[in-house]
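Asks: Here the sequence shown stands for residues -14 to 361, where the numbers follow this note's numbering.
Ideal Cβ positions, reconstructed from N, Cα and C, are used throughout, including at glycine.
The structure follows.
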Amino acid sequence: MLFLKECKKIICSLIFVLYTAALIIMYASQLGTEREPVVKPQAGQEDYGMVEREVPEILMPAAIESLKREYESESYIAYPFLLYKEVKLNEADTEKIAEVIAKLSVDMPYDEFRELMRQADKIIGGGSKYCDEFIVGNFSMVPETYEEALKDYEETIEEGNIGESYTRLYCDYLGITLAILPVFLCAFLWQLDRKSQMEELIYSRKISSFKIVGIRYLALVSCMMIPVILTFLHIMAGVIGLYPGQDIGISKAIGIGALWLIPEIMIVAGVGILISETVSPLPAIFVQGIWWYTCLVKNQLTGSITKWTLIVRHNNLGKTELFRKQFADFLFNRTAYAVLALICLGLTVFVYEKKRKGVYGQNGFIWKNHVRKSEA
């Protein structure tokens, strides 16, 4: 009954309506439009697209020429924190760039070239075209061959893998939103209890702190999954319509989607309730906002999967082989965050219990005498 009451309180709140609306808008704007089935590449096509490939013979002259042009124009383009910035260097830094260019004018090993590019990026202030994250994509895009395009198509659209391919793209977009939105819901509900003076009533009950916090956390995670499930069902229905009669691998798609998004909701909610209970709701939003933004700006669109990446990115229907190569890190990542979320839950229960006993924080001391009378 307590679980259902918590769910009702969450679902009927304005913040949950806003949370749901934000998720649906994100989904509709990025994935809800009409789609066409992926077309099999044919031999003899003029173009199969471009792919990033680290080819020194292509990358080095293109990057050097770009740096020279920016030096001559006295203006450097950079994207620190994903924000466009036109950098104007002072005289001393301009001279340092000139020294880098002078060194680049001599034949050199590729490793030395990359180190000089890092130096240039550091002088510019980071996030430039020459940083490790962007340099290959900016200066070493090469045409994809028919054989490569065909292999990618077959891995993406082969029987039993179609659903997984679309699920990766779905989770890429939803994952960005779910790395920040749940903390608002957690913070709001914790603040709601404080404003409505529910703490006095809850502290006086004999129900265990583990049960109170655990049920509240479970209700939060469960309710936050509702719009996720609905949008997932919608995209899967669309995929079935695009590939009638084919086995799209629904069970595999569900597994990938659950493993991708549930731990993310769990950890964001876990951090949210822990900081909200320990300090207050506003710092919870602030801390999660910094974490979210820091992860987002460091990620590439596709292939940003490490053991500790909060926001996993794979913004591509294809490149299935790349995802499979990174699957071990992906599995570790999601499992680790699920475990950390449970640790956050445990710490929240600990703090909550201390407050009920009047030995932690201002609110705990306020209700200390009341709790003792109730227990008596």
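Measuring CB to CB, does residue 124 end up less than 7 angstroms from residue 47?
Replies: In this structure, residue 47 lies closer than 7 angstroms to residue 124 by Cβ.
Asks: What is the DSSP secondary structure of residue 29, counted as helix, strand or coil?
Replies: Three-state result, residue 29: coil.
Asks: If you count every other CB in all the chains shown that lies within 10 Å of the CB of residue 350, and 16 or more means buried, which is it?
Replies: Note on residue 350: pLDDT 40, under 50, position unreliable in the model; the coordinate value appears next. It counts as exposed.
Asks: Tell me whether residue 113 sits in a helix, a strand or coil according to DSSP, three-state version.
Replies: It is a strand residue.
Asks: According to the neighbour-count rule (16 or more other Cβ atoms, all chains shown, within 10 Å of its Cβ), is residue 341 buried or exposed?
Replies: Buried, because 16 or more other Cβ atoms sit within 10 Å of the Cβ of residue 341.
Asks: How long is the line joining the alpha carbons of residue 31 and residue 299, rounded to whole angstroms?
Replies: When rounded, the distance between both Cα atoms is 27 angstroms.
Asks: Considering only their Cβ atoms, is the gap separating residue 262 from residue 140 smaller than 7 angstroms?
Replies: For residue 140 and residue 262, no; Cβs fall outside 7 angstroms.
Asks: For the putative contact between residue 52 and residue 105, defined by C-beta atoms under 8 angstroms, what is the C-beta separation to the nearest angstrom?
Replies: Rounded, the Cβ-Cβ distance is 6 angstroms, consistent with contact.
Asks: Quick check: the Cα distance between residue 311 and residue -1, rounded to an integer number of angstroms?
Replies: Near 39 angstroms, if we compare the C-alpha coordinates of residue -1 and residue 311.
Asks: Ignore the nearest five residues each way along the sequence and tell me which others in residue 150's own chain have a CB closer than 6 angstroms to its CB.
Replies: Excluding positions up to five away in sequence, the list reads 141 and 302.
Asks: Does the region 105 to 115 come into contact with the region 56 to 76, if we say contact requires no fewer than three beta-carbon pairs (one atom in each stretch) closer than 8 angstroms?
Replies: Touching, yes, given that three or more Cβ pairs across the two stretches are closer than 8 angstroms.
Asks: Return the CA-CA distance between residue 7 and residue 170, expressed in angstroms with no decimal places.
Replies: Using only the alpha carbons, I get a separation of about 12 angstroms.
Asks: Rounded to whole angstroms, what's the CA-CA distance from residue 21 to residue 172? Just pull it up for me.
Replies: One C-alpha to the other measures close to 41 angstroms.
Asks: Can you tell me which of the three DSSP states residue 223 falls into?
Replies: If DSSP states are grouped into helix, strand and coil, residue 223 belongs with the helices.
Asks: Residue 259 and residue 152: beta carbons closer than 7 angstroms?
Replies: Not a contact, by the Cβ cut-off of 7 angstroms.
Asks: Let's see if you can read the secondary structure: which residues bound the beta strand (DSSP E) around residue 128?
Replies: It spans 126 to 128 - the beta strand (DSSP E) in which residue 128 sits, taken as one unbroken run.
Asks: According to DSSP, is residue 62 helix, strand or coil?
Replies: The answer is strand: DSSP assigns residue 62 an E or B state.
Asks: Are the region 201 to 210 and the region 118 to 134 touching by the rule of at least three beta carbon pairs closer than 8 angstroms?
Replies: No: the two stretches stay apart, fewer than three of their Cβ pairs being nearer than 8 angstroms.
Asks: If you run the structure through DSSP and keep just helix, strand and coil, what is residue -6?
Replies: Reduced to three states, the DSSP call for residue -6 is helix.
Asks: Please state whether DSSP places residue 191 in a helix, a strand or coil.
Replies: In the structure shown, residue 191 sits in coil (DSSP, three-state: anything other than H, G, I, E or B).
Asks: Does the region 223 to 236 come into contact with the region 191 to 200, if we say contact requires no fewer than three beta-carbon pairs (one atom in each stretch) closer than 8 angstroms?
Replies: Touching, no.
Asks: Can you name the start and end residues of the alpha helix (DSSP H) that residue 70 belongs to?
Replies: First-last for residue 70: 70 to 72, but that is the beta strand (DSSP E), not the alpha helix (DSSP H).
Asks: Give me, in chain order, the residues of the same chain whose beta-carbon lies closer than 6 angstroms to that of residue 70; leave out the 5 immediate sequence neighbours on both sides.
Replies: If we look at residue 70 and ignore the five residues flanking it on each side, its Cβ neighbours are 63.
Asks: So what does DSSP say about residue 298, is it helix, strand or coil?
Replies: Strand at residue 298.
Asks: With a cut-off of 8 angstroms, do at least 3 Cβ pairs link the region 158 to 165 to the region 316 to 336?
Replies: No: fewer than three Cβ pairs fall under 8 angstroms.
Asks: Could you tell me if residue 245 is buried or exposed, where buried requires 16 or more neighbouring beta carbons within 10 angstroms of its beta carbon?
Replies: Buried is the call here.
Asks: Within 10 Å of its beta-carbon, does residue -10 have 16 or more other beta-carbons around it, so buried, or fewer, so exposed?
Replies: So residue -10 ends up on the exposed side.
Asks: Round the Cβ separation of residue 283 and residue 318 to the nearest angstrom and send it over; I've been treating them as touching at under 8 angstroms.
Replies: Between residue 318 and residue 283 the Cβ distance is about 14 angstroms, and since that is not below 8 angstroms, they are no contact.
Asks: Residue -14: buried (16+ other C-beta within 10 angstroms of its C-beta) or exposed?
Replies: Exposed: under 16 other Cβ atoms inside 10 Å.
Asks: Taking the alpha carbon of residue 369 as the reference point, which residue from 328, 296, 288 and 320 has its own alpha carbon closest?
Replies: The requested residue 369 is not part of the displayed model; the chain covers only -14 to 361.
Asks: Using a 10 Å radius around the Cβ and a threshold of 16 neighbouring Cβ atoms, would you call residue 73 buried or exposed?
Replies: Burial call: exposed.
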